[in-house]
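Basically the working numbering = 1-based index in the sequence shown + 1269.
All C-beta atoms in this analysis are idealised placements derived from N, C-alpha and C, irrespective of residue type, glycine included.
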Amino acid sequence: MKHKRWATVRVLIWQHIWAIGTGVMILLSVFLSLMIWFNSNQSIAKSTVNDTTGVISTPKSQKNIYAIEQLLWNNAMGQHEAILDFRPTTRQILKRLSSWSVDKVKSRSVSRQELMQLAKQKNTAVLGFGDGIAGEIVSKVVGTQFDLPANGYVFNVVVPLSANPHKVYFLDDKHLKVYEFTITHIDKTLKNVSLSQTKNRVPVKVAYFSQHLMLKYTQSLQMATYSYLLASTKVDTFVTALFADSQATPRGYQEQANVIYNDGDSKQLTINTKKNTLQFDNYHTNLPISSYSDRLRSGYTMLKQLQQLPDNLYYFESHHDGRDLVFRLYSNGLPIFNQNGYGTVVIKTKSAKHVTLEFSQYILQVPLPVDDDEITEVVPTDTVLATLAQAGYHHTDIADMRIGYTWETDSQNENIVVLKPEWYVELSKNETWHPVSALTKEVQ
């Protein structure tokens, strides 16, 4: 009997121990969960942003870097509309376009009026690049059967939307030149692309402005503000990538606000530790950079080497026959601007062998939920031009203008970037971009 009572007691003791242990484990689990949640919030609040080493090197093809940036629909009634959410529809059009067979190219010079007539043809879609792109690169985007001159400029592609298309036109806005292809065969298994059901269409006027076609918005746009989690890349990652083929191990040293790495031969990386921006100089590049198409191809190669190919990075513009190439981060089809150069990669050809890359450690990694109450009214194009004229900036002073997003740090959280939509203009005198609000403070 004594042994039975003792056995019963032992069972009760173990049951209590088990219950207590289970309770402790539950409490520990809750505690750890709270700690993880707390630390994740704390990590966002700290000034050190998330490291993305190994994340930003997402492969992206050359044709997706030099991608279509604008879509105009000229309907059968002769009305013109810009499609704001253009990428899905653009992919459909390019799929159909790439399946066509065409005759050899016919090129000709045209007047400004003729160029405008082609761009405004009824029942067509006009695919616009961010800036002029070399014909060799354009052929890779739209289809290699469109054998364009390697170094010819193309700004826009006029694609017929009829069931029996006849011609495709590639427009060089700047030099007033047209590359014409007659369609000889179409793949009838592919459905014709209809734009009448496409959402996010807004009316526009097609104009010729500062040596290129411009879509002028005729009504205000209601645009949302977006937020992203900020991410960064370790300097060591850039050093490893950029000095990979150097004979000597790069050495770093401090010089005022800069940290400088060089290999004692032909490469140098300068890091501005206050802004977290970087400049890489290669004084003896082996990449071909003698022609416009060379510089565009080599620009993509350098982006790969730099491991700066996030999915939302696109070609934005070029200057001096491609000697200055600018790539920007985009959100919802619009470029992002920042006064410190964050989200931008600039590649400059200084001489036959010397190239520089300017970039930053920061990218936008994770989109955060949209606040439906944060809506900005973006005024029509002509309203912007009138306001600029009052501030002393006339048509001849403006090289280009775009709606874009301003990159701002969240006032309560340094690791969150807020993107606010507004108009930007590029001034002709120095080829720099400015928010219209900054240029027109005195007249607003």
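Identity of the residue in G1568, I1632, K1389 and N1420 nearest S1330 by Cα:
G1568
From the DSSP secondary-structure annotation, give me the bridge partner or partners of I1632.
A1500
Identity of the residue in Q1348, G1397, V1462 and R1360 nearest F1745 by Cα
Since the first residue shown for the chain is 1270 and the last is 1713, residue 1745 is missing from the structure and cannot be characterised.
Just to confirm, is the Cβ distance from D1354 to K1485 under 8 Å?
no
Go to R1597, then tell me how far its beta strand (DSSP E) extends in each direction, as first and last residue.
D1593 to S1600
Pick from Q1491, S1706, A1388 and H1553: whose alpha carbon is nearest that of W1716?
The structure shown does not extend to residue 1716, since the chain is modelled only from 1270 through 1713, so no value can be given for it.
From A1526 to G1610, what does the alpha carbon distance come to, in whole angstroms?
17 Å
With 16 other Cβ atoms within 10 Å as the buried cut-off, status of V1428:
buried
Cβ of P1638 versus every heavy atom of the ligand NAP: is any distance shorter than 7 Å?
With respect to the ligand NAP, the structure offers nothing, as it holds no ligand at all.
Taking all protein chains shown into account, do 16 or more other C-beta atoms lie within 10 angstroms of the C-beta of P1418, making it buried, or fewer, making it exposed?
buried
So, at 8 Å on beta carbons, what are the nonlocal neighbours of D1534 in its own chain, with the 5 sequence-adjacent residues on each side left out?
S1515, Q1516, A1517 and H1553
Determine, using beta-carbon pairs with one atom in the region 1460–1476 and one in the region 1537–1546, whether at least three such pairs fall under 8 Å.
no
Between F1606 and W1676, which are expected to be in contact by the criterion C-beta below 8 Å, what is the C-beta distance as a whole number of angstroms?
7 Å
Taking all protein chains shown into account, do 16 or more other C-beta atoms lie within 10 angstroms of the C-beta of P1557, making it buried, or fewer, making it exposed?
exposed
Mark P1638 as exposed unless 16 or more other C-beta atoms lie within 10 angstroms of its C-beta, in which case mark it buried.
exposed
6 Å Cβ shell around M1483 - same chain, five flanking residues per side excluded:
A1476
Between the C-alpha atoms of L1547 and K1619, what's the straight-line distance to the nearest angstrom?
17 Å
Count the CB pairs spanning the region 1423–1441 and the region 1375–1393 that are closer than 8 Å, and state whether there are at least three.
yes
Does any C-beta atom of chain C lie closer than 8 Å to the C-beta of S1567?
The structure shown has no chain C; it contains just one protein chain.
Sequence ranges, beta strand (DSSP E) only - wholly within the region 1419–1489, length at least 3:
1422–1429, 1436–1441, 1446–1454, 1470–1478 and 1481–1486
Whole-angstrom distance between G1412 and M1304, CA atom to CA atom:
In this predicted model, M1304 has a pLDDT of only 40, less than 50, meaning its place in the structure is not dependable; the value taken from the coordinates is given anyway. Answer to the nearest angstrom: the Cα atoms are 54 Å apart.
What span of residues does the beta strand (DSSP E) with T1393 cover, start to end?
T1393 to A1403
Should the region 1361–1378 be called in touch with the region 1447–1454, which here means at least 3 C-beta pairs below 8 Å?
yes
To the nearest angstrom, how far is it from the Cα of W1702 to the Cα of A1621?
28 Å
With a Cβ-Cβ cutoff of 8 Å, do T1719 and P1690 count as a contact?
No answer is possible for residue 1719: it lies beyond the span of the chain, which begins at 1270 and ends at 1713.
Using three-state DSSP, classify F1549 as helix, strand or coil.
strand
Give the straight-line distance between the Cα atoms of R1564 and R1592, rounded to the nearest whole angstrom.
7 Å
What residue does the alpha helix (DSSP H) around G1568 start on, and which one ends it?
Y1561 to L1575
Through-space distance from I1616 to L1233, alpha-carbon basis:
It is not possible to answer for residue 1233, since the shown part of the chain is limited to 1270 through 1713.
Counterpart residues of G1673 in DSSP-defined beta bridges:
E1691
Span of the beta strand (DSSP E), counted from its first residue to its last, around A1727:
Because the chain spans 1270 through 1713 in this model, residue 1727 falls outside it and cannot be assessed.
Which residues mark the beginning and the end of the beta strand (DSSP E) in which A1351 is found?
H1349 to I1352
Alpha helix (DSSP H) segment containing L1387, residue limits
R1381 to A1388
Name the DSSP bridge partner or partners of K1536?
N1551
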